[in-house]
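**Q**
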Amino acid sequence: MTVKNDQLLHIVAGGPSYPRRLSHIDDPPKSLWACGRSELLESNRARLAIVGTRAPTPYGTAQAVRFAAAFARAGVAVVSGLARGIDQAAHEGCLKASGDTLAVLGSGLLRPWPNTPLLDRIAERGLLLSEFEPEQGARPHQFPQRNRIISGLSDGVLVVEAAAASGSLITARWALDQGREVFALPGRVDHPMSRGTHKLLREGAHLVESPEELLAEIYPSERLAKKVQPTKRLTPVENCLRGETLSADELADRLARSVGAVLGELVPLEVEGRVVRAPGGLFRLAEEGL
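Each residue of the sequence shown is one higher than the last, beginning at 18 in our numbering.
1. Under a Cβ-count criterion, where at least 16 other Cβ atoms within 10 Å of its own Cβ denotes burial, should Gly290 be classed as buried or exposed?
2. Can you round the beta-carbon distance between Leu286 and Val254 to whole angstroms, since I take them to be within the 8 Å contact cut?
3. With DSSP as the reference, identify every bridge partner of Arg83, one or two as the case may be.
4. Excluding the five sequence neighbours on either side, which residues of its own chain have a C-beta within less than 8 Å of the C-beta of Lys244, listed in chain order?
5. Classify Gly298: buried if its beta carbon has 16 or more other beta carbons within 10 angstroms, exposed otherwise.
6. Just reading off the beta strand (DSSP E) that Leu135 is part of, what are its end residues?
7. Can you name the start and end residues of the beta strand (DSSP E) that Thr118 belongs to?
8. Considering only C-alpha positions, which residue in the set Gly213, Asp270, Leu135, Ala120 is nearest to Leu65?
9. What are the boundary residues of the alpha helix (DSSP H) that Glu255 is part of?
10. Cα-Cα, which of Gly116, Val284, Val279, Ile67 is closest to Leu170?
11. Helix, strand or coil for Val199, going by three-state DSSP, please let me know.
12. Within 10 Å of its beta-carbon, does Ala30 have 16 or more other beta-carbons around it, so buried, or fewer, so exposed?
13. From Ser124 to Ala189, what does the alpha carbon distance come to, in whole angstroms?
14. Using only the alpha-carbon positions, how far apart do Ala242 and Arg294 sit?
15. Does the structure place the region 199-208 close enough to the region 148-164 that three or more beta carbon pairs sit under 8 Å?
16. Just list the beta strand (DSSP E) runs in the region 48-110, keeping only unbroken ones of 3 residues or longer that don't cross its boundaries, in chain order.
17. Under DSSP, the alpha helix (DSSP H) around Gly173 begins and ends at which residues?
18. On the three-state DSSP scale, how would you describe Leu126?
19. May I ask you to list the residues that DSSP assigns as paired with Arg301?
20. Should Arg83 go down as buried or exposed, given a rule of 16 or more other Cβ atoms within 10 Å for buried?
21. By how many angstroms is the C-alpha of Pro228 removed from the C-alpha of Arg165?
22. Could you please give me the residues that DSSP links to Ser11 through a beta bridge?
23. Closer than 7 Å by C-beta to Gln24: which residues in its own chain qualify, once you throw out the five before and the five after it? Chain order, please.
24. Look at the alpha carbon of Leu175 and the alpha carbon of Glu152, and state the distance between them as a whole number of angstroms.
25. Need the endpoints of the alpha helix (DSSP H) that Leu26 sits in, please.
26. Which one or two residues does DSSP pair with Ser147 in a beta bridge?
27. In this structure, does DSSP put His223 in helix, strand or coil?
28. Could you pull the start and end residues of the alpha helix (DSSP H) that Val279 belongs to?
29. With distance defined between alpha-carbon atoms, name the residue in Ala72, Glu226, Ser60, Ala140 nearest to Ala100.
30. Could you give the distance in angstroms between the alpha-carbon of Pro33 and the alpha-carbon of Glu150?
So, in structure tokens, the structure goes:
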């Protein structure tokens, strides 16, 4: 994608379009460059950030899509950083649910990084945002720097998956400093991409397992939470497939059931579109193919 100069809006601190929430954080950006729907910065908008590792598991990707889509259906805009992995999954999940999403870049808008096809769709249906001059290229220190804007624009931050030294933990620290709520998803105790989220949970982040739970916590009036479509309870077969692609034999071993019994459960799940058949006689959760 190529963002053009005439598409850019320059928003200066103290001006009428400058986000009020950013005015109250430490080291607020002196100005912002925007491309897209600037009304998404209005102070009365509900916004939640979803962040995480650039190398997620299939489970992490699926959960980012799931939570973002639920937030979108509730009328909550999703804020993230457009990085590969969890960030892009969150933007994608929001757009698939016809929601509003804001991407805060770690480079100038005329030199976006990463330059992904998602940029076009966010510029058209959401908002691209950066504090850096439009021609500024990507530099390593700019990505943790922009994280304070991701959290500052949001009512709360959800960390989906993160390694022990993940940059998304910087976003969580910014959020706490700014008085925002921090949420984290539990993961496998033996997986490196769970160490960061489990660290946050030990330090007091809210443990959440469903979008409804998070929305009810941060919007206690239920003005938004009541709009979320209920999440279907997973069957034992689906629980085994979370983050994995398995054969019927492997599922039978894990569930201590016969292969015939497992196939009897898989067929209706396939018909409902909850499980899909992968090459080689394997099965996976449908949402993890997004």
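Idealized CB from N, CA, C, for every residue including glycine.
If you're wondering where the values come from, they're calculated on a predicted model, not measured in any experiment.
**A** Reading from the atomic positions:
1. exposed
2. 7 Å
3. Answer is none; Arg83 lacks a bridge partner.
4. Low confidence applies here, because Lys244 scores a pLDDT of 45, under 50, leaving its location unreliable; read the following figure in that light. Taken in chain order, the residues that qualify are Arg90, Ala91, Gly92.
5. exposed
6. Looking at the DSSP string, Leu135 is not in any beta strand (DSSP E); the run it does join, the alpha helix (DSSP H), is 135-142.
7. 118-121
8. Ala120
9. 253-258
10. Ile67
11. strand
12. exposed
13. 21 Å
14. With a pLDDT of 45 at Ala242, under the threshold of 50, the predicted position of this residue should be treated as unreliable, though the coordinate-derived value follows. So the alpha carbons of these two residues sit roughly 33 Å apart.
15. no
16. 48-53, 64-68, 94-97
17. Looking at the DSSP string, Gly173 is not in any alpha helix (DSSP H); the run it does join, the beta strand (DSSP E), is 173-176.
18. coil
19. Val293
20. buried
21. 23 Å
22. Residue 11 lies beyond the residue range present for the chain, which begins at 18 and ends at 307; the question has no answer from this structure.
23. Cys52
24. 31 Å
25. That residue, Leu26, is in no alpha helix (DSSP H); its beta strand (DSSP E) goes 26-29.
26. Trp50
27. strand
28. 276-288
29. Ala72
30. 20 Å
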